[in-house]
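Following: one structure in structure tokens, then a few remarks.
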Amino acid sequence: MDRRSFFKKAGLFGLGVLASKFPVWSNSVFARDKPIHNIPEDKGISRRWLNSLYEKGEKIVYRKSKNELRYIGMPVGGLHAGTVYIGGDGRFWLWQIFNTAYDGECEGIEPKNVLWNNGKELITVRPRDGSAYIEPAIADNLRCMEQGFAISTLVNEKQVIKELRENHWDEIVFEATYPTCRITYSSADFPLDVVLIAYSPFIPLDQDNSSLPLTTIHIELQNKDDRAIDVTLTGWMENGVHTGRKDFDSVKKRSHLAEYAGSQVLLYSCDQVPDQAMQAGDYGTMAFTCMDLQAQPTTRLQEWPVKPLEIKIDRSDSVIDFSNMQVGAFTVQRTIKPKEVSQISYAISWHFNNPHPKLRQHLKEAQSGYWYGTKFSDAAAVVNYYLINREKLDRETMLWQETWNDTTLPTWFMDRTFVNIGTLATANTMRFASGRFWAWEGVGACAGTCTHVWQYGQSMGRIFPDLERNLREVTDLGVGFQPDTGAIIFRAEYEKRPAIDGQAGVILRFYRDHQMSSDHVFLERNWPKLKKAIQFVLDQDKNNDGMTDTPMENTLDAVWEGEIAWIVGLCLAAIQAAALMAKEVGDKKFQQLCLEYVRKGSENMDTKLFNGEYYIHRPDMLQGRKKLGAYNTCHIDQVYGQAWCAQVDMPRINSQEKVVSALKALWKYNFTTDVGPYIKTHLGGRPYALAGEGGMVMNTNPKNEDKAYGDHTTWQLGYFHECMSGFEHQVAAHMMAEGMVDESLVLTRMIHDRHHAARRNPFNEIECSDHYARAMASYGTFISVCGFSYHGPKGRIGFTPKVGAADFRAPFTAAKGWGTYSQRRKSEGECCCTLSLKYGELMLHEFHIGDADDLSLDKRHLVAKQNDRSIELAGLKRTSRRLVVNFKDQLLLKKGDILIIQWI
């Protein structure tokens, strides 16, 4: 079963019933076949609110006092290690680490169906269709393990105990700074404020150290009083191995205390497990530690609720019947001086190395377990690794968090464009023992790291480029590759067909992943197969006009006939990337072939597929409009190919004037600040945006044409009436790149507001199930606002800020390093650009700055320094509105180095 059945069983079937009961609808705004376009052209956006989107703004916080904590679930485990959420009050929940997620069996974070009134009828919505969007999972309902912290201290001669949970404090404030969070607890009548900081090591460019099945908790006790106070803190964690089992009468739970790297560690396991259960997804180990040398261990708590002062030290093994609860704890006592802060740190790890049995049946790599299973023998080994390397792991994680947030860009914007990379730290992705990266589209739904979905994502390729390169080589040009034709099967082992948009997307990602490399090795090694994949795209142009016209599967789950703007443009972008790669490997003949294809196709697309306002779908000459298609309607992806050009700094494939016109049409016809009236009259879509929420509809019929989507529409028509955040993010990124900054910010803010914690989990953008991969397109808007360009093998980096260019600062990532870029432009002709490298190294031959018409080409007006050493320039040149600075000798920046380029 897959996502398509939602429409077949619930959406359009329900409409048919309604139409038979209410035939008058056939001539009204509610008509199934011809609802009237009702998105207002006037968006009703105030200038004051629009201006506020540009402001830096306050930190993003969610408060108990505003009832904003119950839905929060921030992924706080390592990449590809299952889903562990930290909730708004600091307690962990979900614990989707037992390999249960699988298509048709256990989908999403909460496998439940809900009823939704779409305005005309009640329909059933499954996890993959947005049940968690309508009724978000509530943390208190999904706590499958006992875990928490309790603080005890003397207040007015009475010992008072407060747990770190919502109902024990006057106020709790959750500060979202993914990959870390900071939670503050305060009560007027309690002498301590408490801060809890949680994260799993997360270090861009270091996917290994970012993939630990572990989370860390750092608690700060802040004495508000004018006197010293004695404090006792207890942290506890349940043995969750095989949790929830009912058939384990002979099994014993074991809690064992050991020492690793100078810290005491509680090891959790089960004894006498039946042989068959040892192959199950919940077979494994867990570990819990406190990193305070004075921590007092207890292998099993005996009484509840937890009273820290009454807990007795117990280092002996606890072996109990499986039916009993086994919770271990560590207690720390401190005397904290007036106004001082004391920190105590804990860590939890897990090790469940048996992928779902059906994955092991389908995927050879899954049979050997996960990558972390090859590196660590059990959860104790995970904790030991962390303890040994703690200083580095914590320091570099916090350094990235500080670097990402050290920016002049709006706080809300930085949050929304980055947060979706948390998808990698959920049960949506896996990294098998061989190193192969593999993923669903959304948690447990739609298998095979689908090319036509994952190609939208921009964050993984910039933050963890090795994972993308692995996907290119092992899957796209590996198990999914057909060497006789060059076709790439869009779900690898789970499919037999290619998808044309997925094929083009693989080529484009190859170019991006090459740019994010430090040399040409990756491209040269893969060029023979990649060239075949490129030729496959070229071969889909049946009439040789440079516009793909072979009917083939696409991301809207249909085979469309004719010449479709978004498919044509995407293929043109892919072939242009192919030409650039062919040039770099010295394949001049193929380069020329690709360039000619792009020249011809671009000209034809701009003349034959542009209707004077936006780009369209030209029907097949023989088939006409018999089948479902976009035709003369306004489709969200119509200039997606040009959007990709901006992401990888390629020459244009479409006229800027026409592209901007098309984007303005999307704004005019598809964007609304309230989708309610539209989805009430255009029925059949899934609920990814609800009444009262803003968004951009996938496809609209602004001219109210009869049979606008074809003579014989099918269930896929429902997609056209939805708001899907991944598509919206790619449009926002493109708008930003084309200078439509207001519109880009508004669209991104609408997505952000749809995911406010008062409404639903801000860390989970849903499409076909939770933590949907396409939503990682959000990072593309960050790339665009920076005007970032980078080519590692050529040693080229550049910036063209779209917001606040006069005083701009933002993070960047490169092949082997990351840091901060800033520029200041005090007056015309003056500019100071600074690159500060915070991590790794950066090799440079040239530096680009955009919107630089006023900057001099005279080297006498420019000063360049690496730290305090002057740099000799080879020359300066102007390309379009970009100024290029060439260095005479290759520069190598290392951690802590600062490069300054200043026009005076």
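Those letters in the sequence shown? Residues -2 to 901, per my numbering, in order.
Backbone N, C-alpha and C fix where the C-beta goes; we use that ideal spot for every residue, glycine too.
Please read these numbers as outputs of a predicted model, since none were measured by experiment.
Own chain partners of residue i with C-beta closer than 6 Å, once the 5 adjacent residues on each side are dropped
i	result
residue 311	295 and 296
residue 805	405, 798 and 820
residue 826	851
residue 342	215 and 288
residue 816	833, 834 and 835
residue 27	Only weak support exists for where residue 27 lies, its pLDDT of 41 falling under 50; the value from the coordinates is given anyway. Around residue 27: 678.
residue 803	822
residue 552	449 and 498
residue 731	640
residue 883	843, 871 and 872
Enclosing beta strand (DSSP E) for residue i [first to last residue]
i	result
residue 179	177 to 183
residue 348	338 to 348
residue 113	111 to 114
residue 840	828 to 846
residue 168	168 to 174
residue 229	226 to 235
residue 891	879 to 891
residue 788	786 to 788
Proximity to residue i [Cα-Cα], best of the options
i	options	result
residue 34	751, 689, 575 and 674	674
residue 735	637, 74, 56 and 59	637
residue 623	559, 602 and 648	559
residue 581	614, 521, 667 and 566	521
residue 439	803, 884, 843 and 100	100
residue 323	305, 235 and 372	235
residue 277	220, 356 and 334	356
residue 509	460, 302 and 756	460
residue 391	153, 83 and 344	344
residue 905	829, 828, 824 and 787	Lying outside -2 to 901, the shown extent of the chain, residue 905 is not represented and no answer is given.
residue 757	80, 129, 117 and 53	129
residue 682	93, 126 and 82	126
residue 862	895, 855, 228 and 889	895
Cβ pair residue i, residue j closer than 9 Å
i	j	result
residue 380	residue 262	yes
residue 621	residue 708	yes
residue 858	residue 901	yes
residue 264	residue 328	no
residue 860	residue 887	no
residue 182	residue 193	yes
residue 694	residue 36	yes
residue 563	residue 617	no
residue 57	residue 173	yes
residue 422	residue 77	yes
residue 777	residue 726	yes
residue 795	residue 837	no
residue 513	residue 465	yes
residue 339	residue 217	yes
Same chain, Cβ closer than 8 Å to residue i, neighbours up to 5 away in sequence not counted
i	result
residue 491	359, 444 and 445
residue 88	136, 140, 144, 145, 161 and 162
residue 429	352, 360, 362, 363, 365, 366, 367, 368 and 435
residue 672	686, 687, 688, 690, 691, 692, 694 and 720
residue 302	147, 158 and 160
Residue i - containing alpha helix (DSSP H), residue span
i	result
residue 415	408 to 415
residue 436	Unbroken run through residue 436 is the beta strand (DSSP E), 434 to 436; no alpha helix (DSSP H).
residue 190	Per DSSP, residue 190 belongs to no alpha helix (DSSP H); it is in the beta strand (DSSP E), 189 to 196.
residue 498	497 to 512
residue 778	775 to 783
residue 597	585 to 605
Sequence-distant residues of its chain with Cβ nearer than 7 Å to residue i (five each side left out)
i	result
residue 698	34, 630 and 705
residue 800	51, 406, 738 and 782
residue 171	58, 59, 66, 69, 85, 178 and 180
residue 199	176, 207, 394 and 397
residue 556	548, 549 and 550
Presumed contact (8 Å Cβ cut-off) between residue i and residue j, rounded CB distance
i	j	result
residue 892	residue 834	6 Å
residue 383	residue 211	6 Å
residue 91	residue 70	6 Å
residue 457	residue 773	6 Å
residue 791	residue 202	That pair is no contact at about 19 Å.
Proximity test, Cβ basis, 9 Å: residue i and chain D
i	result
residue 538	Any reference to chain D falls outside this structure, which holds one protein chain only.
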